[in-house]
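Quick note, the sequence shown lines up with residues 12 to 420 if you use the working numbering. Where a beta carbon is used, it is the ideal one built from N, C-alpha and C, also for glycine. See below for the structure under consideration.
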Amino acid sequence: MAQKKTNVVIIGGGIVGSLLALILGLNGLKVVLIEKQSLDDLNSNSYDGRSYALNAGSMKLLVTLNIWDKIKEKVQIVSRVLLQQGAVTTQPQPFDLNFYDYETDNGPIFYMVEDRFLRKVILRKVRECSNINHLTSKSVKRQNIIDSLIEITLDDTQVIKADVAIGADGFPSRSAKRAKIKRFDQNYNQSSIVGVVRHENNHNDEAFQLFLPAGPLAILPLIGNRSCYVWTMSTSEAERIHELDEDLFLKRLVKVFDNRRGKIELDTPSNIFPISLSIANKLVDEKFALIGDSAHNIHPIAGQGLNLGIRDVACLSEILILARRNGEDIGAVNVLRRYSKWRNFDIFTMALFTDMANKVFSNDNFLLQIARGISFDFISKSPILKSYLMKEASGFVGDIPKLLQGQDI
Ligand SMILES: Cc1cc2nc3c(=O)[nH]c(=O)nc-3n(C[C@H](O)[C@H](O)[C@H](O)COP(=O)(O)OP(=O)(O)OC[C@H]3O[C@@H](n4cnc5c(N)ncnc54)[C@H](O)[C@@H]3O)c2cc1C
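Printed below as a string of structure tokens:
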């Protein structure tokens, strides 16, 4: 089959891969975006129940791309986050920790967006961009370096040559495997049950996280009197609860909500996601780089996975666009290494933080319960530490890429 040459080929058109395609396409690079799902599936109204707690940095990037404008009516702000220790059978412990929006310089603490709204607006933008060739229902079979270009062979035998290929195919990444990039993997034997409920009481823009011994329960506000829940526990228990019929499932949910939002009803069916930690041991290889979950799949305990992927996109797009303007080869090792140098520390610290938080909080050990209480109390009384934690969560630490500051590249 005929071979096509492009600047960048992106394998995987989830939110992260699509955002990178859009930024590069809008800045004059020719992009081929390969997605294995069909266009009908991408366009469908089906909803996996996932909502994202986007931070201020991610919001600014979406504003710059004129995406925010299209979803802002569907965005719920979070102005208070309450963290609390608890146990299923007893009342919550006295230790809690509050974060308020007036303690940050960046407005709301988070912006809650349902996956179904965000994904569709990005898809529409991708389809409108004349520099993007969006190939759907296609899978990659091979990737090889030939004559200083990377060659991607699709399952329909089509071959695409590019200056650089980006793996954005999520976890577990086949593109990383093809590039022989090894990973650090840890199976938590945990899964999250995720869905949306309607409730009687107003959520007052409050997000709530209850640390139960088996794993955290997050109740995150959505527009209307609705909240998304992310209920994490051992995989065997999650599978058992998820398989219950709707009435029994609701009864279990009512018990853990413990009247926090008044009477609740299911708004969407629940879904189940296995949770693990998987970090690629390098982000770049010859003519190849990894972004998003294909580079780092982390625990959802802090709601940071997509924010981390959006930071990859902001950094990599800035590097590739500036390199091209300077007449450099965008697939050259020295160009791609700028990306890994910029991202390694952030990815490593976030993976470590979520891993430690899960180990410390998903635990019924008595001494750890006391230690948790003391640390909650210590953070509560330390404005400097609190402000640092909030800055870290907002994505504004270290060398901040232009798009996260709301500036064009
Ligand atoms: C329960 C839960 C709650 C979460 N909550 C939050 C939150 O509040 N905030 C937050 O920031 N993050 C959150 N996350 C994390 C977030 O969902 C992920 O980090 C994010 O969706 C990753 O996006 P991605 O585009 O990198 O990967 P994916 O969404 O996995 O996309 C990968 C894409 O590649 C395609 N693909 C795969 N293989 C191929 C192939 N061979 N060829 C072509 N295409 C291929 C797939 O079809 C898919 O479209 C949560 C995750 C979970 C599980």
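With respect to the alpha helix (DSSP H) encompassing residue i, which residues constitute its N-terminal and C-terminal limits?
i	result
I156	Here I156 belongs to no alpha helix (DSSP H); instead the beta strand (DSSP E) covers 151-157.
T365	344-372
T75	67-75
N270	No alpha helix (DSSP H) holds N270; DSSP gives it neither H nor E.
P394	394-405
N144	Where N144 is concerned, there is no enclosing alpha helix (DSSP H), although the beta strand (DSSP E) it sits in stretches over 143-146.
L53	50-54
L165	From DSSP, L165 is part of no alpha helix (DSSP H) but of the beta strand (DSSP E) over 160-165.
L319	316-336
L35	26-37
D278	From DSSP, D278 is part of no alpha helix (DSSP H); its letter is neither H nor E.
What span of residues does the beta strand (DSSP E) with residue i cover, start to end?
i	result
G450	Residue 450 lies beyond the stretch modelled for the chain, which goes from 12 to 420, so this question has no answer here.
N109	107-111
E217	217-223
N282	282-291
G206	194-210
H310	Careful: H310 lies outside any beta strand (DSSP E) and carries neither H nor E.
V430	Nothing can be reported for residue 430: it is not among the residues displayed for the chain, which extend from 12 to 420.
R91	91-96
C239	237-245
A6	The question about residue 6 has no answer here: the residues shown for the chain are numbered 12 through 420.
V124	121-125
A190	Where A190 is concerned, there is no enclosing beta strand (DSSP E), given that its DSSP letter is neither H nor E.
L414	It is not in any beta strand (DSSP E) - L414 carries neither H nor E in the DSSP assignment.
Residues in the same chain with beta-carbon distance under 6 Å from residue i, minus the five sequence neighbours each way, listed in chain order, please.
i	result
D196	S289
N155	E162
L134	L53
A306	A291, L294
R127	Y58
F219	L93, I230
L228	L221, W242, V267
S69	N318, I321
L414	L72, T75, A325
S90	D112, P119, D216
C239	S62, V207, L231, L233
T101	Legend: pLDDT at T101 = 46, less than 50; position of this residue unreliable, no value from coordinates given.
N198	S287
S29	I133, V137
N369	H310, I312
R194	S289, A291
Taking 8 Å as the threshold (C-beta atoms), are residue j and residue i in contact?
i	j	result
I302	V27	yes
A179	G342	no
R237	D278	yes
T246	N200	yes
V421	G417	This structure cannot speak to residue 421, because the chain is shown only from 12 to 420.
V175	K298	yes
I411	S328	no
V265	I252	no
R153	T164	yes
D323	R354	yes
H210	R263	no
I177	L31	yes
E250	I286	no
V132	I78	yes
G406	N318	yes
L33	K136	yes
I312	T360	no
L363	V371	no
G60	S281	yes
G316	D357	no
Y350	A300	yes
Please go through the same chain and pick out, in chain order, the residues whose beta-carbon is closer than 7 Å to the beta-carbon of residue i, but skip the five residues on each side of it.
i	result
V124	S62, Y63, L65, I82, K85, V86
G226	Q201, T243, M244, S373
I234	K85, Q87
N212	R272, G273
Leaving out five residues before and five after residue i in sequence, what residues of the same chain have Cβ atoms less than 8 Å from its Cβ?
i	result
I390	L108, L396, K397, L400
N18	L35, L40, K41, V42, A173, D174, V175, R335, I341
L160	K16, K172, A173, D174, K298, G342
R138	H145
E248	A225
Within the present structure, is the beta-carbon of residue i separated from the nearest heavy atom of ligand 2 by less than 7 Å?
i	result
K188	Absent from the structure shown: ligand 2. Ligands present: ligand 1.
Within 8 Å, do at least three Cβ pairs link the stretch 34-48 to the stretch 326-340?
yes
Check whether the stretch 393-407 and the stretch 339-355 are in contact - that is, three or more C-beta pairs closer than 8 Å.
no
Spell out a yes or no on whether the stretch 133-149 and the stretch 42-52 are touching, meaning 3 or more CB-CB pairs, one atom from each, closer than 8 Å.
yes
Given 8 Å, three or more beta-carbon pairs between the stretch 201-216 and the stretch 177-191
no
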